[in-house]
Amino acid sequence: MTTDLLVHRDDLDFLLYDMLDSEDLARRPRYADHGRETFDAAIDAAHRLAGEYFAPHNRLSDENEPRFDGKTVKTLPAVGAAVRAFAKGGFLAATHDYELGGMQLPVTISQSCLALFRAANVGSSAYCFLTAANANLIRAFGSEDQKRRFLPSLLDGRWLGTMALTEPEAGSSVPDLRTTATPLPDGRYAIKGQKIFISGGDHDISENIVHLVLARMAGAPAGAKGLSLFIVPKRRVDAEGAAGESNDVALAGLIHKMGYRGTTSTLLAFGENDACIGELVGAPGQGLRCMFHMMNEARIGVGMGATMLAYTGYRHALAYARERRQGRLPGNADPASPPVAIAEHADVRRMLLTQKCYVEGALSLCLYAARLADDEKTHPDASQREEAALLLPLLIPIVKSWPARYGLAANDLAIQVHGGYGYTREYPVEQFYRDNRLNALHEGTHGIQALDLLNRKVGMKDGQPLARLHARVLATAEQARASGDPGLAARAAELEHAWQALRETTEVLRAATLADPVQGSANAAYYLDLFGHHVIAWLWLWQAVTAKAQLPARPHLEGFYRGKLSACDWFFQTELALAAPVHTLLRGVERHALRTEIDWL
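Under the UniProt record's numbering, think of the first position of the sequence shown as 1, with each following residue one higher.
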């Protein structure tokens, strides 16, 4: 895979610097050593490493899953080499303090770098991203002693990390988990239980694996309030931070997946021999709160992973459509005339444009969320930090689920553009589709994210986050009108009307869920799709306004900017235009699915 198929670099630069003004981040004290030159250098390094170490074995790792030889889980040597190159390049610690060996990069730039690894090889890169999130949680909630003993080895890649929530019986209902933590005389805990679907749960890549495990102490209340979080390494860690003897964490089974085959998926048994020791992270009963620190980061990562699998699929389909010659345009009946590139055919162009809308819209969403994370932590204006802290949680379900749903649709179209070849393993688009199918499932399914959005996020703090987001939408609409472009002004009016309709539908659903939570949220998945489409429409208008402003000064990029304007029009005309019947369904609080008896299915 050539690196120009990972991402359109003009697009990434456009989103980072023209739309999101990432150069402004360098004016903040934490990032004062940086500027566009260092930001670009980090992205260039990521692009190079992704091309050299991750992309070459993407197909090979798909065809050669990790296997258990009776003693060890064996992975391809190239996977370990890629993870070590990632760590050596500084990307595990990209956002961390200089004192911890980090680069103190903004989250926005770090996510841009990480996106390239996801596009190149989502399976191998998963080990890296899980470890980075694991280390971030320990940095946020661990004791000074825990940070001293665990962070150096995690951040330099000698140890890798996981998060272990899901259990065979509890599934997505995390509060029902059964793993126990029994206090020991020395202040540590004996851990006992099973965890399933643990990505990176066992392998031969690193000398130790640090699991973050949710468990319940004896006497703790039922439900989420009784859960605590524990550091449970595969090999025990001594007072000096060295890995030693086995910690009674056993592989109970490898899980074989449709995609993401390069990442081990495991069933783990903790304490089968009553010798598994864990250390409490944070306060007792605060485990889920601590874990959400990692889960939210992971959810942004899932959204970015879904985006980049769709993005590289689109780039492959576009390259194929430009080169593959087949058929003649309607009206040309001359069999002696040469066939045209399939990109000339209207239906193929429709599919390419739809992919462009989905993938470039999703990337703008993920990077916008990353920018909010930066603003929440480092914006010099306290009111802007507060607003970012309101907006980011509201958008998390959209960031996680919209790219997973519509990125997969883009991958489906990429296969279709390739025709029969797209369904074969000779072309990579079928693998991208299989890999991307997982993103609608892990870190909270589409339905769970929809319930979170409708039942919690849109109504939290008396609806302030939604009101603040609407205000930002209206500001973009005003900029579109001020551009002097009649087309953008028309889109602004459509966006304002659409968002007002969304607010009204939200009010109906909120009232319905308060009256009857089951019936009111029965169609939450449709609401998440609707909400996500409105957010993406806003981001597309923002991109179009930005492109229109940049066009006169950069004639060499005219085609690129025209593409942005065209994609904005297409999204409004073909995607946002379909919102009306969804509003009708949702406002009717339709419960047809609930009226259908299980025995009828």
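We put the CB at the ideal spot given by N, CA and C, even for glycine. Owing to the predicted nature of the structure, the values given are computational and were not obtained by experimental measurement.
- A553 counts as exposed, since fewer than 16 other beta carbons sit within 10 angstroms of its beta carbon.
- In the DSSP assignment, H211 falls within the unbroken beta strand (DSSP E) covering N208 to M217.
- The beta carbon of V83 lies closer than 8 Å to those of S124, Y127, C128, G157, L160, I205 and S206 in the same chain, with the five residues before and after it left out.
- Put simply, the backbone Cα of G259 is about 4 Å away from that of D435.
- When Cβ pairs closer than 8 Å are counted between the two stretches, the segment 360-380 is seen to touch the segment 16-29, the count reaching three or more.
- Burial is judged here by how many other beta carbons sit within 10 angstroms of a residue's own beta carbon; W540 has at least 16 and is buried.
- Less than 7 Å divides the Cβ of E279 from the Cβ of R188.
- Contact annotation: D202 and L154 have beta-carbon atoms that are not nearer than 7 Å.
- Membership of T476 in any beta strand (DSSP E) is not indicated; the residue belongs instead to the alpha helix (DSSP H) covering Q464 to A482.
- Of all C-beta pairs linking the segment 414-427 to the segment 386-396, fewer than three are shorter than 8 Å, placing the two stretches out of contact.
- Distance from the CA of Y421 to the CA of I196, rounded to the nearest whole angstrom, comes to 36 Å.
- With fewer than 16 other Cβ atoms inside 10 Å of its own Cβ, H556 counts as exposed.
- In the DSSP assignment, A181 is bridged to I191 and M217.
- The segment 525-542 and the segment 572-584 touch, with three or more beta-carbon pairs separated by less than 8 Å.
- Residue pairing from DSSP places V281 in a beta bridge opposite L229.
- In this model, T476 and V545 are separated by some 8 Å (Cα to Cα).
- Secondary structure note for L530: it is in no beta strand (DSSP E), and the uninterrupted alpha helix (DSSP H) holding it is A524 to Q550.
- Under DSSP, G253 forms a beta bridge with L267.
- Taking all protein chains shown into account, I43 has 16 or more neighbouring C-beta atoms within 10 Å of its C-beta and is therefore buried.
- Within 10 angstroms of the beta-carbon of P403 lie 16 or more other beta-carbons, which makes it buried.
- Nearest to T596 by C-alpha distance, out of A522, F571 and W542, is A522.
- Contact check for F117 and F54: beta-carbon distance about 6 Å, within the 8 Å limit, so the pair qualifies.
- Distances from the CA of G80 to each of L105, N121 and T506 were compared; the closest alpha carbon is that of N121.
- When DSSP states are grouped into helix, strand and coil, V589 belongs to the coil group.
- In this structure K234 touches N208 by the C-beta definition: roughly 6 Å separates them, less than 8 Å.
- Of all alpha-carbon atoms in H583, A492 and L594, the one lying nearest the alpha-carbon of Q519 is that of L594.
- Rounded to the nearest angstrom, the Cβ distance from A181 to R216 is 7 Å, consistent with a contact under 8 Å.
- Distance from N136 to L212 at the Cβ level is roughly 11 Å; contact not present, criterion being Cβ atoms closer than 8 Å.
- Of W538, G407, D33 and M460, the smallest CA-CA separation from R472 is found for W538.
- Under a 10 Å Cβ-count criterion, G303 is classified as buried, with 16 or more other Cβ atoms of the shown protein chains found around its own Cβ.
- Around the Cβ of G219, a 10 Å sphere holds fewer than 16 other Cβ atoms; the residue is exposed.
- With distances taken between CA atoms, A190 lies nearest to F270 out of F270, A243, A132 and V237.
- In this structure A524 does not touch V589 by the C-beta definition: roughly 11 Å separates them, more than the 8 Å allowed.
- Straight across, the Cα-Cα distance linking V281 with M291 is about 10 Å.
- The C-beta distance from T264 to P581 rounds to 43 Å, too long to meet the 8 Å contact threshold.
- Taking a C-beta distance under 7 Å as the contact criterion, G262 and S61 qualify as a contact pair.
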